[in-house]
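Asks: Residue numbering for the sequence shown follows the UniProt record's numbering, beginning at 1 and increasing consecutively.
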Amino acid sequence: MNCCVIPGCGNKFQLYRVPNSGNNRFRQWKKVAPVFGTGSERICSHHFIETDFVENIRKKLKSTAIPSINLPAERLKASNKIGCCVLGCRSKDIKNMEKFPSMTSKAWLKWANILGCAEANTAGWKICQKHFKDDAFTTGRSN
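1. Whose CA, out of 49, 7, 112, 93, lies closest to the CA of residue 42?
2. Run the CB neighbour count on residue 48, radius 10 Å, all protein chains shown included, and call it buried at 16 or more, exposed below.
3. Please return the same chain residues whose Cβ sits closer than 6 Å to the Cβ of residue 65, not counting the five positions on each side in sequence.
4. With 16 other CB atoms within 10 Å as the buried threshold, where does residue 82 fall?
5. Could you give the first and the last residue of the continuous alpha helix (DSSP H) run that contains residue 30?
6. Which two residues bound the contiguous beta strand (DSSP E) that contains residue 12?
7. Per DSSP, residue 50 forms a beta bridge with which residues?
8. Please report the residue range of the beta strand (DSSP E) in which residue 99 lies.
9. Going by beta carbon distance, what residues of the same chain come within less than 6 Å of residue 3, once the five residues before and after it are set aside?
10. Residue range of the beta strand (DSSP E) that residue 44 falls in?
11. Whose CA, out of 130, 50, 134, lies closest to the CA of residue 93?
12. First and last residue of the beta strand (DSSP E) that includes residue 128?
13. Rounded to a whole number of angstroms, what is the C-alpha to C-alpha distance between residue 106 and residue 121?
14. What does the Cβ neighbour count give for residue 123, buried or exposed, with the cut at 16 atoms within 10 Å?
Now the structure itself:
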């Protein structure tokens, strides 16, 4: 990925590779950012504090650095377990869930970009209706 994966950021400079999935550092990053350990994900310097960098070398992150600033309020869980895929949302009311659009649709690309999961396999993911504006829904009569 040639830009920062943090939703709403998209910076293309001073990018740092997300650690590989499976190691402890990746697990720490995953708690605060929508990362999936694909190997191509990057996070820019705007999401790290000054002390995360090697002294006097702004371009080199310490091995203990974890993104901690300028992060979105809502982040995604990297799972398709039952319930809403938004991190921190505990909703499991299936009646009030919206399925992610098909990955081949234009709608999927919009959802994935807004939620910062463009590289994720979102098959089976659901998002509860509280994460949508009221005008996102249509009303209609069933025949």
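No residue lacks a Cβ here, since even glycine has one placed at the ideal position from N, Cα and C. As the structure is a prediction and not an experimental result, all values here were calculated from the model.
Replies: This is what the structure gives:
1. In the sequence shown, residue 42 corresponds to position 42, counting from 1. Residue 7 is the option with its Cα nearest to residue 42.
2. Taking the sequence shown and counting its residues from 1, one reaches residue 48 at position 48. With a threshold of 16 other beta carbon atoms within 10 Å, residue 48 meets it and is buried.
3. Your numbering for residue 65 matches position 65 in the sequence shown. Excluding sequence neighbours, residue 65 sits near 48, 52.
4. Reading the sequence shown from its first residue, position 82 is the one you call residue 82. The C-beta of residue 82 has fewer than 16 other C-beta atoms within 10 Å across all chains shown, which makes the residue exposed.
5. Taking the first residue of the sequence shown as position 1, residue 30 is located at position 30. Residue 30 -> alpha helix (DSSP H) spans 24–32.
6. Within the sequence shown, the letter at position 12 stands for residue 12. Premise fails: residue 12 is in no beta strand (DSSP E) and is neither H nor E.
7. Reading the sequence shown from its first residue, position 50 is the one you call residue 50. In the DSSP assignment, residue 50 forms no beta bridge with any residue.
8. Stepping through the sequence shown from its first residue, residue 99 is reached at position 99. Following the DSSP letters along the chain, one finds residue 99 inside the beta strand (DSSP E) bounded by residues 97–99.
9. Working through the sequence shown from its first residue, we reach residue 3 at position 3. Once the five neighbours on either side are set aside, the close Cβ partners of residue 3 are 10, 12.
10. Taking the first residue of the sequence shown as position 1, residue 44 is located at position 44. Note, residue 44: beta strand (DSSP E), 42–44.
11. Along the sequence shown, read from residue 1 onward, the residue named residue 93 stands at position 93. Looking at the Cα atoms, 130 is the closest of the given residues.
12. Numbered from its first residue, the sequence shown carries residue 128 at position 128. For residue 128, the enclosing beta strand (DSSP E) covers residues 126–128.
13. The sequence position of residue 106 within the sequence shown is 106, counting from 1. The sequence position of residue 121 within the sequence shown is 121, counting from 1. Spanning the alpha carbons of residue 106 and residue 121 requires a straight line of approximately 15 Å.
14. If you number the sequence shown from 1, residue 123 lands on position 123. It is exposed - the Cβ of residue 123 has fewer than 16 other Cβ atoms within 10 Å.
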